[in-house]
Amino acid sequence: MQRVSAPPRGPRSGGPTARGGGRGGIQKRTAGPRPVKVDKDGDLDMDAGVGAAGRGKSGKGRFESPVPSGPKGAVRGRAAGPARGGSTRATQHAIERGLRGEQVNVREGRLTTPGTTLQVEGLMSSKAASNSDGGLQSLEGFLERKASGRDSKSNRTVKIKKSHLRGDLVIITASQEDIEAMLKLDQFSFAGATLTIKPHEPAPPPRKEISEKTEGISPGTAEIKDKLKAILASRYDVDLKLLNLSSLGQDAGLLEMGLGSLDGKTTSKLFPALMVVCDSLFDSWKAKQEAIVSVTLAGNGLSNVTNVTALAQTFPDLKNLDLSGNNIAEIKGLESWRWKFRHLENLVLTGNPLETQTPNYNIEILKWYPKLLTLNGVQVRTPEQVAAATESINSPIPISGPDFRDVGQVGENFVRQFLPLYDSDRTALLSAFYDAQSCFSMSINMSAPRDRTHGSPIPPWAIYLPHSRNLTKINNINARMSRQYRGIDQIQKVWTDLPATRHPDISTQADKYLIECHPQPGLADPSGQSPHGVDGLLLIIHGEFEEEINSSDKGSRGFSRTFILGPGTPGGPPIRVVSDMMILRANSPLAVPSHPLNPTQSSMPAPGVSPEQHQETVTKQLVEKTGMTPEYAMLCLMETGWDLNKAFVAFNVNKVIPYGLLVQPVY
Amino acid sequence: MAEPTEDIQIKVAANAAEQFVESYYRTINNPQQRSKLTSFYIKPTPTLPLQADITLNGNTISDPSELQSFFENQVAQTNYEVGSFDCQVINTNYNVGVREGQLAPDKDGKKMSILVMISGGVRYWKKEGVESETRGFTENVVLVPNWEAQGPKAAKGEKKWVIQSQNFRLVL
């Protein structure tokens, strides 16, 4: 497989189609060789474009412009307002600790409201502990899913606000309601370990005198905080979403406070304190992320980022960062940010000794920040390049459009009828495509990963559970037998139990689906004439549907559904469903092809290859794929300008090939 | 010979699916084991020149060795985790590649073709430290008997069931 250009689509070791002539294949029942509607890739061309061409949306590779979309409730407004309750006191503690040189831990400072934290023990002994993040994300996902599914009456989704590791414990913050839901998961097993889940008792405040002061904070601390707030407010540009922290050493307000400079010669409390105050100004992570996309730390005499490293904790999602006019001489000075700022697009390092003293530092910086577009005002990557690189990390196997190798439009016609009928009239659907041998089963994958930004609640699974034939869980042979349904009567009974659904309209919302199919040899011949079996079609639909359990429980689900279609029993429907297998999962948008158009198989000769060599190669390929004799393959190719794809399509469309032209019968 | 009974069908198919799911992903997840990937697929023979039909994310792969060398050379590490799987017998008497005279069904279910459908999550590492988010996948595999493993001369440890067709798709 090539990384960049995808392998040919359409042309295949054609097994079934190659021997289409005599056997009772699925195509036998269609009236003559109808032209199959395919595009040049061999994709089925459904009206609105199930094929790759119709998929404009990429989602990836779009970069939010740093241009602000208008003022939002931002620092300036807040700074003037009254101090908020809740986390304020905790934040003040944190500031105070910070100013005293104790470890500042912003998150912890927020974590101490009773009733909204819990502690989980057991992650360390689970298999997930070997994940790069220690399994935290995986545990979070587990708790959210399990706790969300607990209460089948409510549609509420449990959402974890924050979590962090403390020793062997994971401390989790969420709303009181969600915490209660998660506490019920005590003794659940997760990745091979049993979890012990308890309400978290916050650590006692570090200084006795603070805890004794029930009425707030010493006036000194509050004053410091207010001053810092005012300074931050004056340095925030709401239109640019920029926090200007340049030349802090010349800031009259800060000088007055005597908090020291950032030059790296001494450890400074100033910056951590500023960050704590910054953090306290936002209700949510998202609000902070939206309000501040750029920070400048220019002109601070920094020789390294040690004193300002807290920036990465407070603003991990920064897109633009200016470090110009500092004293950074070596790449080492930036090392503590090596793995931070994973969304950084624009970095300025001009005016640092680095430029002259560390040649090629830019190469290293490019490696560090895979999404970096601009360095020192010069474009270093295009958004497309970044998108392609990201995509290749996320999926080393390129994501291409559907591989839809239909036979005589059987697959297309089936999909067009199946989807609306399953929603509107399952009985009619059964009589149109199912018979006494048809088999249906379904399974639920409750642990399917989900796009974290896709937060719609997962409807309860309860109604599906009695039917789920997830073989990782259903081990008993009797259950395995009873959860597989054969014949119209049994299937109808299950389908009556399953909730009503609404699938997106395939002709107007084709982008909600990914549908693939390919010929499937060796099905039982219902007419009993072909002992070697007949050809059919394996067809897969990936998509989503809306479901309605009752008037209050609605929601959407993701599904994949695989069918084996074969010729029907004589006298019955011409096409029947041999197998119908469905997997349900939490709904998330489908992974769409990374390239708007499928890279077509290059039928151009590679450099250095003569036309003769090229012709020889494609002839060989066509022979392999179709089982034709080389003479006939060359004939086909000559007619289609030596284009392998076109030749194969032509071959498929005019399937009537004299037997003698086949190299040998396949069976 | 008689057709396999329903409970034999289900037992044999579920065992084949279980074994496949367990061993295939273990093999692909372990870079040292990837050289064994081709052993999971049907091998074309002069009497049956049929290749496994493989499609990964819409890309058709012409033969299993291509898939194997891709995983050997282009993917540092993978972590496929199966969340659910299910299987059904497609044909109780699969006769593709079977000689005349041996076309009768096998009551022990050794001649079936089996559809296995798997749903799970996968993470890729392209190189050390560069790791993808967890993505969802659905994989469909049709297992057919490995005729080579059934003869009296069959080598020990040969897989009883091999992939005739495979369709992998990232769905998230």
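Chains as they are written, first to last, in the UniProt record's numbering: chain A, 1 to 667; chain B, 1 to 172.
The C-beta atom is built at its ideal place from N, Cα and C for all residues, glycine as well.
At least 9 angstroms separates the beta-carbon of A/Leu311 from that of A/Leu347.
Contact annotation, B/Asp86 with A/Asn587: C-beta distance approximately 19 angstroms; criterion of less than 8 angstroms not satisfied.
For the beta strand (DSSP E) assignment, the uninterrupted runs of no fewer than 3 residues enclosed by the UniProt domain "NTF2" (16–170) of chain B are, from N- to C-terminal side, 53–56, 59–61, 77–91, 113–127, 135–145 and 161–170.
When only Cα atoms are considered, B/Ile42 and B/Ser62 end up about 13 angstroms apart. The DSSP-derived three-state label of A/Asp251 is coil. Shown here, A/Asn244 sits in a strand according to DSSP, grouped into three states.
Only Val578, Ser579, Met581, Ile583, Arg585, Ser588, Pro589, Leu590, Ala591 and Pro593 from the segment 567–596 of chain A bring a Cβ to less than 8 angstroms from some Cβ of chain B. Residue-level contact check: A/Cys439 touches chain B, since one or more beta carbons of chain B fall below 9 angstroms from its beta carbon.
Residues of chain A whose Cβ lies closer than 7 angstroms to the Cβ of B/Gln68 do not exist; the shortest such Cβ separation is about 10 angstroms.
Across the structure, A/His503 and A/Glu546 are spaced so that their CA atoms are roughly 6 angstroms apart. Straight through space, the alpha carbons of B/Ser39 and B/Lys159 are spaced by roughly 8 angstroms. Within chain A, no C-beta atom comes nearer than 9 angstroms to that of B/Phe20; the closest sits roughly 11 angstroms away. If you compare the alpha carbons of B/Val171, B/Asn29, B/Val162 and B/Thr138 with that of B/Asn79, the shortest gap goes to B/Asn29. A/Met182 and A/Lys146 have their C-alpha atoms spaced approximately 8 angstroms apart. By the CB criterion at 9 angstroms, A/Ser294 and A/Leu318 fall inside the cutoff. Chain order gives the chain A residues near B/Ala17 as Leu471, where near means a beta carbon separation below 7 angstroms.
Membership of A/Gln119 in the beta strand (DSSP E) is indicated by the continuous run Thr117 to Glu121. Out of B/Trp161, B/Pro44 and B/Met112, the CA that lies nearest to the CA of A/Gly522 is found in B/Met112. In the three-state reduction of the DSSP assignment, A/Met446 falls in the coil class. Assigned with DSSP and collapsed to three states, A/Tyr485 falls in strand.
In the structure shown, the three-state DSSP call for A/Ile224 is helix. Collapsing the DSSP output to three states places A/Pro574 in coil. Nearest CB-CB separation between A/Ser447 and chain B: below the 9 angstroms threshold.
Look at A/Leu297 here: in three-state DSSP terms it is coil, with no helix or strand label. At least one C-beta of chain A is nearer than 9 angstroms to the C-beta of B/Ala14.
Exclusion of the five residues before and after B/Thr134 leaves Gly121 and Arg123 as the residues of its chain whose Cβ lies within less than 6 angstroms of its Cβ. Contacts between A/Arg480 and chain B, judged by CB atoms closer than 7 angstroms, involve Ile10 and Ala14 in chain order.
Interface with chain B (9 angstroms Cβ-Cβ cutoff): A/Gln289 is excluded.
Rounded to the nearest whole angstrom, the C-alpha separation of A/Leu366 and A/Leu372 is 7 angstroms. Identification of chain B residues near A/Leu302 by a Cβ-Cβ cut-off of 7 angstroms yields none; the smallest Cβ-Cβ distance measures about 26 angstroms. Taking all protein chains in view, the Cβ of A/Gly377 is surrounded by fewer than 16 other Cβ atoms within 10 Å, so the residue is classified as exposed. One Cα belongs to A/Arg166, the other to A/Val120, and the distance between them is close to 10 angstroms. Counting other Cβ atoms within 10 Å of its Cβ, A/Arg585 reaches 16 or more and is therefore classed as buried. Comparing alpha-carbon positions, the option among A/Ile575, A/Ser507 and A/Glu544 lying closest to A/Gly536 turns out to be A/Ile575. Residues of the same chain with a CB within less than 7 angstroms of the CB of A/Phe142, apart from the 5 flanking positions on each side, are Phe190 in chain order. Between A/Arg450 and chain B, the shortest Cβ-Cβ separation is below 9 angstroms.
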